[in-house]
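**Q**
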Amino acid sequence: MPQQFWKPGADKPRILEDEEGGVVFFAPSLSSASSSSSRFGYASIGSQRQRLPVYKYRTAILYLVETHATTIIVGETGSGKTTQIPQYLKEAGWADGGRVIACTQPRRLAVQSVASRVAEEMDVKLGEEVGYTIRFEDVTNPAATMIKFLTDGVLLREIMDDPLLTKYSVIMVDEAHERSISTDILLGLLKKIQRRRPELRLIISSATIEAKSMSDFFQTSKKHRGPEDHEFVPRKVPAVLSVEGRGFNVQIHYVVEPVSDYVRATVSTVLSIHDQEPAGDILVFLTGQDDIDAAIQLLAEEAHASRKISSGLIVLPLYSSLPRAEQDLVFSPTPRGKRKVVISTNIAETSLTLEGVVYVVDSGFSKQQFYNPISDIENLVVAPISKASARQRAGRAGRVRPGKCYRLYTEEYFVNEMSSVGIPEMQRSKLVSCVIQLKALGIDNILGFDWPASPPPEAMIRALEVLYSLGVLDDDAKLTSPVGFQAAEIPLDPMISKMILSSNQLGCSEEIITIAAILSIQSIWVSGKGVQKELDEAKLRFAAAEGDHVTFLNVYKGFLQSGKSSQWCHKNYMNYQAMKKVIEIREQLRRTALRLGIVLRSCEGDILAVRKAVTAGFFANASRLEAFSHNGMYKTIRGSQEVYIHPSSVLFRVNPKWVIYHSLVSTDRQYMRNVMTIDPSWLTEAAPHFFQNLRRPDPIAH
DNA sequence: GAGCACTGC
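All residue numbers for the first sequence refer to this note's numbering, where the first residue is 75 and numbers rise by one.
(1) Does DSSP put residue 142 in a helix, a strand or coil?
(2) Indicate whether the contact test is met: 3 or more Cβ pairs, each with one atom in the stretch 470-485 and one in the stretch 328-335, closer than 8 Å.
(3) Once the 5 residues before and after residue 102 are set aside, which same chain residues still bring their CB inside 7 Å of it?
(4) Let me know the beta strand (DSSP E) ranges lying completely inside the stretch 440-514, each 3 residues or longer, listed in chain order.
(5) May I have a chain-ordered list of the alpha helix (DSSP H) segments no shorter than 4 residues that lie completely inside the stretch 209-269?
(6) How big is the Cα-Cα spacing for residue 194 and residue 711?
(7) Take the Cβ of residue 436 as the centre, count every other Cβ of all protein chains shown within 10 Å, and call the residue buried at 16 or more, exposed below.
(8) Rounded to a whole number of angstroms, what is the C-alpha to C-alpha distance between residue 466 and residue 138?
(9) Apart from the five residues just before and just after residue 185, which ones in its own chain have a Cβ nearer than 7 Å to its Cβ?
(10) Give the straight-line distance between the Cα atoms of residue 632 and residue 616, rounded to the nearest whole angstrom.
(11) How far does the alpha helix (DSSP H) with residue 177 in it extend, from its first residue to its last?
(12) Go through its chain and collect everything with a Cβ distance to residue 681's Cβ below 7 Å, but skip five positions before and after it.
(13) By the DSSP assignment, the alpha helix (DSSP H) with residue 396 in it spans what residues?
(14) Residue 274 and residue 267 look like a contact to me (Cβ under 8 Å); what is the Cβ gap, rounded to whole Å?
(15) How about residue 650 and residue 640: are their beta carbons less than 8 Å apart?
(16) Tell me the residue span of the alpha helix (DSSP H) that contains residue 341.
(17) Can you have a look at residue 763 and say buried or exposed, based on whether 16 or more other CB atoms are within 10 angstroms of its CB?
(18) What's the gap between the Cα of residue 544 and the Cα of residue 569?
(19) Determine whether the beta carbon atoms of residue 153 and residue 317 lie at a separation below 8 Å.
(20) Only counting the same chain, and skipping five residues up and downstream in sequence, which positions put a Cβ closer than 8 Å to that of residue 169?
(21) Beta carbon of residue 744, beta carbon of residue 724: below 8 Å?
(22) Rounded to the nearest angstrom, how far is the Cβ of residue 433 from that of residue 347, given a contact under 8 Å?
(23) Tell me, please, which residues DSSP counts as bridged to residue 715.
(24) CB residue 503 to CB residue 443, shorter than 8 Å?
(25) To which residues of the same chain is residue 601 closer than 7 Å at the C-beta, ignoring the five residues directly before and after it?
(26) Measure how close the beta-carbons of residue 509 and residue 553 come, nearest whole angstrom, since I'm counting them as under 8 Å.
(27) Going by alpha carbons, who is nearest to residue 708 out of 669, 686, 751, 667?
(28) For residue 507, which residues from the same chain have a beta carbon less than 7 Å from its beta carbon, with the 5 sequence-adjacent residues on both sides left out?
(29) Quick check: the stretch 582-590 against the stretch 521-529, are there 3 or more CB pairs under 8 Å?
(30) Opposite residue 191 in the DSSP bridges: which residues?
(31) Let me check understanding here. Comparing Cα to Cα, which of 464, 727, 314 lies closest to residue 420?
(32) Relative to the alpha-carbon of residue 290, which residue among 376, 145, 429 has its alpha-carbon at the smallest distance?
(33) Can you say whether residue 629 is buried or exposed, counting buried as having 16 or more other CB atoms within 10 angstroms of its CB?
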């Protein structure tokens, strides 16, 4: 039976139906919220909790959650919704009887910090009543945990073991407006689960007002509206509640004329803020390392010419591949009389929060990934941001006091041309991992799945083809046994999973999980700008004639022999943080492999076995050097695309006749990253059907 | 002889 926290007759909240009839709005009543608080256990803790904007909606939220299957909460940052709503639910009894309240986040750091904050507010030990689960860490106690924070990816994995998520009474999906692939899959699955579990309550929390489309998605068909008035059946029409934030006012400034060079415009805006505005740090949003370095260079030139600038400005770059020590500089307090200027990528939009920022300069652009399912190529391109991103960026100026945001685009452009929300990641990505996950969850009709945003059918079909060629799906597009089910268990790209599974028979699983771990992070080397020659020399110390994959094995061996030393990494131009991540992922893969019955075995230097295992996963990425090519041009076997070995590969300029690659990066040319030599006979050995079906006659003649 | 927005399992 649902909780009875609200007594009819006492402070009944007011409900406003909107014109379209579907959406319910709430007008908060301050007196009802404060008078009811003493009924619950934790009210004494805090005036601090009661000062949060979300507090006056406490009664309203609990009422809506009780009476509606889905409640959509639109709240700006600082409203307190993430930390408070799970506590309200617990206080109202939603965690009674061994049930659990879940709250998902897109990022691990957010999960950890929100969980420890809530544990502190409730005065309990983290990992008991309040716990969290992220990829490498499970800080929960199944016998005691009532409120559990987790990444949406982890909750997706939990659905594999418990398809109806039976232990949860309420699931709150936070930051749903970000529309990451895992959030979207999760929303689609939760809608299905809800049909089987009418008592399950969902809270979808989003920062943007695009609640209508989310509401439409969760609205089940109208013909079921009959029993809604019944006391204990939740309404199927989602409720929508809007909670204001607690940020300070941010004044928006637009340029009068469109700018042609946003790096130069950035620099002159920073200089005029420094010249005319009172103290306060500046946060600049540019697109990537190149832009950021260029802007810093220009500012350094200006500083050279002006004493005021050189003595007053501290200019710092910020992007994810920046070494940790340099990243940490942006968090150091600004000395008196100085002004900090942080020039950042999108990392400062959501992932990192800088205190003390009063001015934001927004270029209006960011780098975004796009996927073309026809050519099967992923592209990273500079693209205009959405209004939602622009608002998020501006909000970064109003955390400590009223601020200003300088947009390097016109108001006319913002109002009339900028799209309101970005394209969901689902619609601009490869879907191979997504499709295998849905298959593992028993979703047979992938093309008919009810998504919050449908991906292009071509991308789905492409993913199905890849999975079929890997032997993960059979002719009926069902997971094969055991390979398909095992591959779905491994939390990596299915091509890597297949490589790991094949290493079992080939007796080289120890080596292959090392390669898998290294391939699944961005790069193990330090960023090469300025130290290119030294980096190339360092690479040569580990280089293997067979290519990058075998080189990785040499690197990993060296790292272990050094005792996992950070100095050793530094000396060899290797990224220590990246190597620590490799160790972590490798350990997870080792445990997963053992669970799947893979025997962990080293091939003791039999590199042939390693290369065959890599080929078993990546045969579809084979390419051949064009005869008479003098510039290293290759053609892919599958699509006859013109490709080149990336200059970062140890095989650059070596140009062996047959190679397979891990991925393509596309700039002015298509470059193959992480390349390994093969014998073409291994291709037909690994995937006979795949190569027979190619249209090109006799593609792999010697 | 070139480039890596950001997450996540």
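Here a beta-carbon is modelled for each residue, glycine too, at the ideal position from N, C-alpha and C. All values reported here derive from a predicted model rather than from experimental measurement.
**A** The answer reads as follows:
(1) Residue 142: strand per DSSP, three-state reduction.
(2) By the criterion of at least three beta-carbon pairs nearer than 8 Å, the stretch 470-485 is in contact with the stretch 328-335.
(3) Bear in mind that the predicted position of residue 102 carries a pLDDT of just 36, short of 50, making it unreliable; the figure below should be weighed with that in mind. Closer than 7 Å at the Cβ level, and outside the excluded window around residue 102, lie 130, 131, 134.
(4) You should have 451-458, 477-481.
(5) The qualifying runs are 226-235.
(6) Spanning the two alpha carbons is a distance of roughly 58 Å.
(7) Buried, since its Cβ has 16 or more Cβ neighbours within 10 Å.
(8) Each residue's Cα considered, the two are about 27 Å apart.
(9) Here the set comprises 179, 206, 208, 223, 224, 225.
(10) Distance between the alpha carbons of residue 632 and residue 616 is about 9 Å.
(11) Segment 174-179 is the beta strand (DSSP E) holding residue 177; no alpha helix (DSSP H) there.
(12) Closer than 7 Å at Cβ, skipping near neighbours: 620, 624.
(13) Neither: residue 396 is in no alpha helix (DSSP H) and is coded neither H nor E.
(14) The Cβ separation is near 6 Å, so the contact holds.
(15) Between residue 650 and residue 640, the C-beta gap is smaller than 8 Å, which places the two residues in contact.
(16) 336-350 is the extent of the alpha helix (DSSP H) around residue 341.
(17) Counting Cβ neighbours within 10 Å, residue 763 comes out exposed, since fewer than 16 surround it.
(18) Straight-line measurement puts the Cα of residue 569 at about 7 Å from the Cα of residue 544.
(19) A distance below 8 Å separates the beta carbons of residue 153 and residue 317.
(20) If we look at residue 169 and ignore the five residues flanking it on each side, its Cβ neighbours are 163, 175, 220, 221, 243.
(21) Contact: no.
(22) With 8 Å as the limit, residue 433 and residue 347 qualify as a contact, their Cβ atoms being about 5 Å apart.
(23) Residue pairing for residue 715: DSSP places it in no beta bridge.
(24) Judged by beta-carbon spacing, residue 443 lies within the 8 Å limit of residue 503, meaning their Cβ atoms are closer than that value.
(25) Residues 395 of the same chain have their beta carbon placed closer than 7 Å to that of residue 601, with the five preceding and five following residues left out of the count.
(26) Cβ-Cβ separation between residue 509 and residue 553: approximately 11 Å, too far for a contact (criterion under 8 Å).
(27) Checked all of 669, 686, 751, 667; the closest Cα to residue 708 is 751.
(28) Listed in chain order, the non-local C-beta contacts of residue 507 below 7 Å within the same chain comprise 567, 568, local neighbours out to five positions each way being set aside.
(29) The stretch 582-590 is not in contact with the stretch 521-529.
(30) Its beta-bridge partners do not exist; DSSP assigns none.
(31) Of 464, 727, 314, the residue nearest in Cα terms is 464.
(32) By alpha-carbon distance to residue 290, the top candidate from 376, 145, 429 is 145.
(33) It is buried - the Cβ of residue 629 has at least 16 other Cβ atoms within 10 Å.
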